[in-house]
Structure formats: structure tokens, C-alpha cells
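**Q**
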Amino acid sequence: MYALVDCNNFYASCERLFQPHLVGKPVAILSNNDGCIISRSDEARALGIPMGAPEFQVRDVLRQHQVHVFSSNYALYGDLSQRVFEILRQFSPNVEEYSIDEAFLNFDGMDSNLDFNDYGHQMRNRIRKWLSIPVCVGVAPTKALSKVANKIARKFPDKTGGVYVIDTDEKRIKALKWTKIEDVWGIGYRMKKKMVARNIKTAFDFIDPMHTAWIKTQMGVVGLRLKKELEGESVLALDDVTTKKSIAITRSFPKKLTDYDALRERISTFASVCAEKLRLQHSCCQTIIVMLNTVNYDNGRKSRYFQQVVTLPFSTNSTLTIVDTAVKMLQKLHAENEGLLYQKAGVIVTQLRNENEKQFDLFVDENPKHLSLMKAMDAINGKIGHRKVKLGAQGNQTWNMRQNKLSLKYTTHFDQILTIRCQ
DNA sequence: TCTGGGGTCCTAGGACCC
DNA sequence: TCTGGGGTCCTAGGACCC
Numbered sequence: 082m083y084a085l086v087d088c089n090n091f092y093a094s095c096e097r098l099f100q101p102h103l104v105g106k107p108v109a110i111l112s113n114n115d116g117c118i119i120s121r122s123d124e125a126r127a128l129g130i131p132m133g134a135p136e137f138q139v140r141d142v143l144r145q146h147q148v149h150v151f152s153s154n155y156a157l158y159g160d161l162s163q164r165v166f167e168i169l170r171q172f173s174p175n176v177e178e179y180s181i182d183e184a185f186l187n188f189d190g191m192d193s194n195l196d197f198n199d200y201g202h203q204m205r206n207r208i209r210k211w212l213s214i215p216v217c218v219g220v221a222p223t224k225a226l227s228k229v230a231n232k233i234a235r236k237f238p239d240k241t242g243g244v245y246v247i248d249t250d251e252k253r254i255k256a257l258k259w260t261k262i263e264d265v266w267g268i269g270y271r272m273k274k275k276m277v278a279r280n281i282k283t284a285f286d287f288i289d290p291m292h293t294a295w296i297k298t299q300m301g302v303v304g305l306r307l308k309k310e311l312e313g314e315s316v317l318a319l320d321d322v323t324t325k326k327s328i329a330i331t332r333s334f335p336k337k338l339t340d341y342d343a344l345r346e347r348i349s350t351f352a353s354v355c356a357e358k359l360r361l362q363h364s365c366c367q368t369i370i371v372m373l374n375t376v377n378y379d380n381g382r383k384s385r386y387f388q389q390v391v392t393l394p395f396s397t398n399s400t401l402t403i404v405d406t407a408v409k410m411l412q413k414l415h416a417e418n419e420g421l422l423y424q425k426a427g428v429i430v431t432q433l434r435n436e437n438e439k440q441f442d443l444f445v446d447e448n449p450k451h452l453s454l455m456k457a458m459d460a461i462n463g464k465i466g467h468r469k470v471k472l473g474a475q476g477n478q479t480w481n482m483r484q485n486k487l488s489l490k491y492t493t494h495f496d497q498i499l500t501i502r503c504q
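In terms of this note's numbering, the first sequence is residues 82 to 504.
(1) From Lys471 to Leu454, what does the alpha carbon distance come to, in whole angstroms?
(2) Near Arg434, what residues of its chain come up, given a Cβ to Cβ distance below 7 Å and the 5 sequence neighbours on each side ignored?
(3) Quick check on the burial criterion: 16 or more other C-beta atoms within 10 angstroms. Buried or exposed for Trp211?
(4) Just to check my reading of the structure: Val391 and Thr406 have Cβ atoms closer than 8 Å, yes? What is that Cβ distance to the nearest angstrom?
(5) For the beta strand (DSSP E) containing Ser364, list its first residue and its last residue.
(6) What are the start and end residues of each continuous alpha helix (DSSP H) run of 4 or more residues lying completely inside the segment 222-285, in chain order?
(7) Within the same chain, show all residues whose beta-carbon is closer than 7 Å to that of Gln100, passing over the 5 residues directly before and after it, in chain order.
(8) Closer than 7 Å by C-beta to Asn187: which residues in its own chain qualify, once you throw out the five before and the five after it? Chain order, please.
(9) Suppose you measure from the CA of Lys358 to the CA of Thr492; what does that come to, to the nearest Å?
(10) Under the three-state reduction of DSSP, which class applies to Gln424: helix, strand or coil?
(11) Determine whether the beta carbon atoms of Asp182 and Ser152 lie at a separation below 8 Å.
(12) Less than 8 Å between the CB atoms is what I'm expecting for Ile118 and Tyr92, so what's the real figure, rounded?
(13) DSSP state of Ser315, grouped into three classes?
(14) Checking 8 Å against the spacing of the C-beta atoms, do Cys503 and Val428 come in under that value?
(15) For Ser112, name the three-state secondary structure that DSSP assigns.
(16) Take Val430 and list the residues in its own chain whose beta-carbon comes closer than 6 Å to its own, dropping the five residues that flank it on each side.
(17) Leaving out five residues before and five after Thr339 in sequence, what residues of the same chain have Cβ atoms less than 7 Å from its Cβ?
(18) Nearest by alpha-carbon distance to Ala234: which of Ile247, Gln147 and Leu344 is it?
(19) What's the call for Pro131, buried or exposed, on a 16-neighbour Cβ count within 10 Å?
(20) Using 8 Å as the threshold, is the segment 249-259 in touch with the segment 272-287, meaning 3 or more CB pairs across them?
(21) Quick check: what's the CA-CA separation for Ala134 versus Pro107?
(22) Could you name the residues of the same chain whose beta carbon sits closer than 6 Å to that of Leu489, not counting the 5 residues immediately before and after it, in chain order?
(23) Could you spell out the range, first to last residue, of the alpha helix (DSSP H) harbouring Tyr200?
(24) Provide the residue span of the beta strand (DSSP E) that contains Tyr179, from first to last.
(25) In this structure, does DSSP put Lys450 in helix, strand or coil?
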């Protein structure tokens, strides 16, 4: 059996943990640069504030209903996320951290008489008690079905108490008939349209044998796997997601950029953060992608996308090499597209492998001194603070995101720990 | 004039997830 | 005026190998 544990309105719940007076009140969280709504409490959702809406478009509603609005505080959310996973590991050693706010658990090899409903409530209660974060738990024989079960738990809190178990065929069929096709895990916007055109409106319609061949042509093996999962046959195992297969740093700019020097500074910084993250997970990359984006929201939302891909002769996690390569790529991109105004840029590193399994090139090699230099740099930065030592290319300009409504780093910063006075 | 069969690797792009 | 960021997997097609 699998469980899917999903935190309710996670970011909003994190803010409420340290500001409990917000419980029961509408709360909304903004994306980077305070651009869009990316999380909201049930109360804010009930006000009709759509997910992903640009903040300025819903500003009036927010003000009118006194919605408590926050900038994204990833230091806080990331830390609380890890604490949730820590608790979950007390219930099973097999935990897949699927996203910042949800995890799959597998119970293979555990007591076969386990009462999953009861066990689910124990998880829920412990997370609620220790972290004040409400979660829902769905349990079923496959990952896709546990997603369905979770949705039911979330939708009917009174009847389920936030936990729902699909453990019989009867319950499975009922659940599938209830689940709209667009709510099935793996069916996105485009597939939904095709499905509905073919009169597939629920998850139950989807598993009808008459559609099998069609699903194969439309979705390939992905669709067939999903079908099996919904039929109760487990084909998706728990994934090990602790080491990433690609790392991306991309940002929108507060103001459109065209100036090469400014872009070079941004790309250098993104590239060096990629290198840091690579070293943190003990990986090297062999391929580097630099991208520039123009965005035009007014003119039919047309945006243009430029990118360069370079595969190195050896794999690396040296900041020097990655920044140097990225800047050369930027040079080329910028020269080819003179005068454009860029809204976003990014650096992505892929083709990652463990730093111990490095493949060497016969003739071209990285200066071995990089390795010790990076070690020294990481050690100093670890001691005296984040990114105090950096490359000259990154400059001294600070690129502060707009974060006008940021809460404190309650759990990760000594200066910002909550103070409680006893009278 | 007629010309086999079985592979691998890489890349770009699409679709999806949160 | 103001519109996020970071991932995964699969497929088709090209180029190559013997």
C-alpha cells in the first residue's frame, strides 16, 4: 500500500504557525518579486482569488476583504517541509519527498494487519500537534490511486477526518467514478481537452477497455501505466529523489534588461549558484544551458525564447568553469540578438553524475586546483555567511527581489527567532 | 537493375507535476 | 506600473555503429 500525504495550503499554513491569529482568516502568499498568488488559505480561495493570478489584478479584492498577504519565505517553508518529512519517516522508512509539501510513503514489509485508517490519523495528528500543519492522507494500492484517495480526504473533511483509504474494489470504482478526468494525476490541460472530446469525463471512463488503443496512441506508455495504476496494479515505484538530475536557476527581472554587462552579472550569479548546488549534492554537470527570455504580456502574450547548450569535454562542479562557460554562451546569444529587452534569464545544468564517477577527457582537463579552491570557498562561506566569497564577475550590485511582505525566518536565523515574554 | 537487420546515443520539444 | 520558479519523463528523428 501507498500513502500520499499532502499539506493543506502549505505556505499559508507555514505563516500561520508563527502567527496563529491568522487561523480562520484569509491568507495569500505571493511568488518571487511579489508577482502572482501562489498559495492561499481556504478562506482566501472562497473569496474567488484564483491560483496564479497576478497580484495587481486582485489587489482590490485583497484589500477589500483584508486578506493577509505575504511574500514567499522559502527559508521558512523549506525548513518546515523537512520537519514534516522527518515526522513521516517515523511511520515508514520508505518516504519519497515528492514536492515541498507532499510525500509518498510505502508500507511494504510492514505489519500486514496494519489499520491504515488509524495509521493515517496518527500521522495527521502528530504533524498537526508538532508543527500545526494540517495535512490530508490518502492510502491505496498504487501511487495514482493514493492521489485519488487524498483528494477525497481533502474534499470531505467532515466525513473522512482528513484520511481516506481505498482498500476494496468497490471503493476504488466509486472513487474513480467520482474523480473528474482533469483531476487525475498525469492528465493536464491538453490531454483533458482530448479526453472530453472523446467523452472521457471521469477516471472511470479512462480505464474503459474501449479506449486502451486510443490512449496508447495519444499518451504512449505513460497513459498505459496510468491506466494500470488506476486499475489497482502498481507499476510506479517509490522514487529516490534525493539527488537531482538537473538544476536550474532562472529569474524574472524587476525591469527588462538589454545591457550586456547587467546580463553578464546575472548569468554569472545564476551559474555560480548552480555550481554551489551541484557541490552540495556531490554532483558534477557536463551540460550547461543558458537561456534568455523576452516576455510581452500586452501583445498577445508573445514571448521569445533563446537558448544555448554546451556540452563540456569533462564534467565539473567548479564555479570558475561553469561561470566562464555560461558567460561565453551569453556573449554569443547577446551578439546574435542585439537590442532585445529581456525579462527573464536562467542557467540550467544537466547531465549530472556523482562527483566520484567523473569521466575524464583524454586531452582536455580542468585545472585540478579548482577542486581545492572550491573546497576553500565553500568552507569560508559556510563559516562566515552565505556567498561572502564570490567571483569578481558577480559584481557588488545587489539584486533585491521585491519582497515587501516577508515574514521572519523563524526557524533558520538566530536573529529572527520568536521571543516570548512571560508575564 | 537488384541493396538487410539490429542496434546506440543525442537532441529538441512536448507534456506533465508542484 | 505590476505577470514565479524548479523539476521529471517520454518520443521522434537524426546520425552513427557493425
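All C-beta atoms, glycine included, are put in the ideal place defined by N, C-alpha and C. Note that the coordinates shown come from a computational prediction; the quantities given were computed from them, not determined experimentally.
**A** Taking the structure as given:
(1) 11 Å
(2) Ser364, Cys365 and Ser396
(3) exposed
(4) 6 Å
(5) Ser364 to Asn377
(6) 224-236, 238-241, 250-259 and 270-278
(7) none
(8) Tyr83, Ser173, Asn175 and Leu319
(9) 22 Å
(10) strand
(11) no
(12) No, Ile118 and Tyr92 are not in contact; Cβ-Cβ is about 10 Å, not under 8 Å.
(13) coil
(14) no
(15) coil
(16) Ile328, Cys355, Cys366 and Ile369
(17) Gly420, Leu421, Leu422 and Tyr423
(18) Ile247
(19) exposed
(20) yes
(21) 16 Å
(22) Gln497
(23) Phe197 to Leu212
(24) Asn175 to Ser180
(25) helix
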